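Numbering (our numbering), first residue to last: 12 to 98.
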């Protein structure tokens, strides 16, 4: 199945926003984010299921690992944020 980013829900987009935040703060491309941090914080379960079902990530108990299309989408989100700021 090909990865699909069209009309992602806000819950799924929140995962990419979190990854974009980490990219912007670190200056490094992001290939995975924490799913559960052990301190009670967790990614939205519906969003997680959606990104997996759409082929944008694979899952472990504690991590969301983006596929190549998922990484490309994180980069597109970062680029859109920068463009919105006039950069």
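Think of the CB as a built atom: it goes at the ideal place given N, C-alpha and C, for glycine as much as any other residue.
Owing to the predicted nature of the structure, the values given are computational and were not obtained by experimental measurement.
Item to complete: For residue 81, count neighbouring C-beta atoms within 10 Å of its own C-beta (all shown protein chains included) and say buried if the count is 16 or more, exposed if not.
Response: The residue is buried, with at least 16 neighbouring Cβ atoms inside 10 Å.
Counting pairs of Cβ atoms below 8 Å between the stretch 72-79 and the stretch 38-58, do you hit three or more? Between the stretch 72-79 and the stretch 38-58 there are three or more inter-stretch CB-CB distances shorter than 8 Å, so the stretches are counted as touching.
| request: Look at residue 55 and residue 22 and say whether their C-beta atoms are less than 9 Å apart. | output: Result yes, Cβ atoms of residue 55 and residue 22 sit closer than 9 Å.
- Task: Using the Cα positions of residue 58 and residue 94, report the straight-line distance between them to the nearest angstrom.
- Result: Computed Cα separation, rounded: 25 Å.
**Prompt:** Cβ of residue 46 less than 9 Å from any chain D Cβ?
**Reply:** Absent from the structure is chain D; it holds one protein chain and no more.
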